[in-house]
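No gaps in the numbering here: position 160 of the sequence shown is 160 in the numbering used here, and each next residue is one more. Ideal placement from N, C-alpha and C gives every residue a C-beta, glycine not left out. Since the structure is predicted, the reported quantities are computational estimates derived from the model, not experimental observations. For reference, the structure is listed below as structure tokens.
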Amino acid sequence: MTFYNEKISIAKDRLDNIYIFQSKDRKIIYNYYNNITKDTIEKKITSDALEEYDIAIGEDGYIYLVYQNNYRDLFLTIISEEEIDSICLTIEPIPYVYDLTLILDGEEIHIFYNILLSEKDKKYRLYHHYYDNYNWYTSTIDEIKVSKILNFFNIEYLEDEIAIIYYDFSNVENIYMKKFINGDEKWSDRIKISNNDEEKLYMDSILVNNVLHLTYSQYIEKNLVIKYERFNIYGDEVIMEKEMVLSNVENCSYPTFVYFENKLWLIWLEYENILSRYSEDGGENWSPIYLWRKSKEVDTVRYKYCEYLDGKNKKNFNYYFGKIYPEISFIGFGPLENTTEIPLKKKGSNVIYQF
Numbered sequence: 001m002t003f004y005n006e007k008i009s010i011a012k013d014r015l016d017n018i019y020i021f022q023s024k025d026r027k028i029i030y031n032y033y034n035n036i037t038k039d040t041i042e043k044k045i046t047s048d049a050l051e052e053y054d055i056a057i058g059e060d061g062y063i064y065l066v067y068q069n070n071y072r073d074l075f076l077t078i079i080s081e082e083e084i085d086s087i088c089l090t091i092e093p094i095p096y097v098y099d100l101t102l103i104l105d106g107e108e109i110h111i112f113y114n115i116l117l118s119e120k121d122k123k124y125r126l127y128h129h130y131y132d133n134y135n136w137y138t139s140t141i142d143e144i145k146v147s148k149i150l151n152f153f154n155i156e157y158l159e160d161e162i163a164i165i166y167y168d169f170s171n172v173e174n175i176y177m178k179k180f181i182n183g184d185e186k187w188s189d190r191i192k193i194s195n196n197d198e199e200k201l202y203m204d205s206i207l208v209n210n211v212l213h214l215t216y217s218q219y220i221e222k223n224l225v226i227k228y229e230r231f232n233i234y235g236d237e238v239i240m241e242k243e244m245v246l247s248n249v250e251n252c253s254y255p256t257f258v259y260f261e262n263k264l265w266l267i268w269l270e271y272e273n274i275l276s277r278y279s280e281d282g283g284e285n286w287s288p289i290y291l292w293r294k295s296k297e298v299d300t301v302r303y304k305y306c307e308y309l310d311g312k313n314k315k316n317f318n319y320y321f322g323k324i325y326p327e328i329s330f331i332g333f334g335p336l337e338n339t340t341e342i343p344l345k346k347k348g349s350n351v352i353y354q355f
């Protein structure tokens, strides 16, 4: 069936109420499912939003949403069940934002986005907007160039730091990391963590026990494979331990990590089908490739999912492939009853494959 590249976000609050957010025709709406009454209602947040928005869920159990309106102001909306409260964050309009991202760290609010500096030079500036429960601060993280398109960045929580992982093109496109140290309110020097000359697209990361797992799509033979890399983080050092290609040389896109029941799953889209592999030993060895047959039968989308975790884990959000709304179910990890094993074909190139 069809994969829809739409932005649909799901949140589950501390009472297990479900919120499903969609942006369409400049409107941001959410469908709210009350876990106690079993009622479902639709609420409109705004009717003058540009394309970008993002959500997060706080330790207070509230849903936070950030968006840019038609006048290019940033708004922060706080949602509790059916109650909506919005505040304008900008004194004056700002340029159009790309990859608008919202995360929470305790009571601290962090907003990230790119703005275009030069269309001719394909140059962007990556911004950080930060609220420490008393004041707002704005800083520039980096100025970046792109090869063809602007790739999304990722945010990870370290012990006392927030890390941003992003692309920059200087002769070749590589992936870098910077860290924001709470208290210092500034960003570290950047660290290059990928080291190959091949063109790349997409990206996802996950941090498990201070080990960084990174994935992206890489061009090989004019097609895309799923590349996996694993790093140990020692202070300001990021040391690669393992790298491999986990897919066949096909049209592989949107690689996505899911950590579920002590297994690290790597899921991707391949010709609108959902495939995945899993590791039970932290990425050292990987299962065969599995094609999820349900993805051939239903329309799918890639969801952002946020869940109230009562402070058990700072990172309370992830991305999942799933059946498109309204009959939502996630696809690509878990029991393997409805899957087909796909052979991994060895290719005569200089990449490392995992068998």
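If you compare the alpha carbons of 339, 96, 138 with that of residue 277, the shortest gap goes to 339. Straight through space, the alpha carbons of residue 330 and residue 300 are spaced by roughly 9 Å. Setting aside the 5 residues that flank it on each side, residue 172 is surrounded in the same chain by 197, each with a C-beta closer than 6 Å to its C-beta; the list follows chain order. Residue 89 and residue 154 have their C-alpha atoms some 23 Å from each other. For residue 302, the three-state secondary structure derived from DSSP is strand. The DSSP-derived three-state label of residue 120 is coil.
For residue 257, the uninterrupted beta strand (DSSP E) run begins and ends at 252-260, by DSSP. With a beta-carbon spacing of about 6 Å, residue 266 and residue 257 fall inside the 8 Å limit used to define contacts.
The three-state secondary structure of residue 294, taken from DSSP, is helix.
Contact annotation, residue 99 with residue 180: C-beta distance approximately 17 Å; criterion of less than 8 Å not satisfied.
The beta carbons of residue 229 and residue 194 sit about 7 Å from each other, so the pair counts as a contact at 8 Å. Sixteen is the threshold: since fewer than 16 other Cβ atoms of the shown chains lie within 10 Å of the Cβ of residue 208, the residue is exposed.
C-alpha of residue 250 to C-alpha of residue 223: approximately 6 Å in a straight line.
Here residue 232 has 210, 211, 212, 238, 239, 241 as same chain residues with Cβ atoms under 8 Å from its own Cβ, once five neighbours each way along the sequence are excluded. Assigned with DSSP and collapsed to three states, residue 51 falls in strand. If you draw a straight line from the Cα of residue 134 to the Cα of residue 109, it comes to about 11 Å. Of the residues 71, 286, 62, 96, the one whose Cα lies closest to the Cα of residue 17 is 62. Nearest in C-alpha terms to residue 40, of all of 326, 334, 335, is 326. Taking the C-beta atoms as reference points, residue 308 is found no nearer than 8 Å to residue 319. Judged by DSSP secondary structure, residue 223 falls within the beta strand (DSSP E) whose first and last residues are 223-234. Pairing residue 192 with residue 44, the inter-Cα distance amounts to about 42 Å.
The DSSP-derived three-state label of residue 317 is strand. One Cα belongs to residue 103, the other to residue 55, and the distance between them is close to 8 Å.
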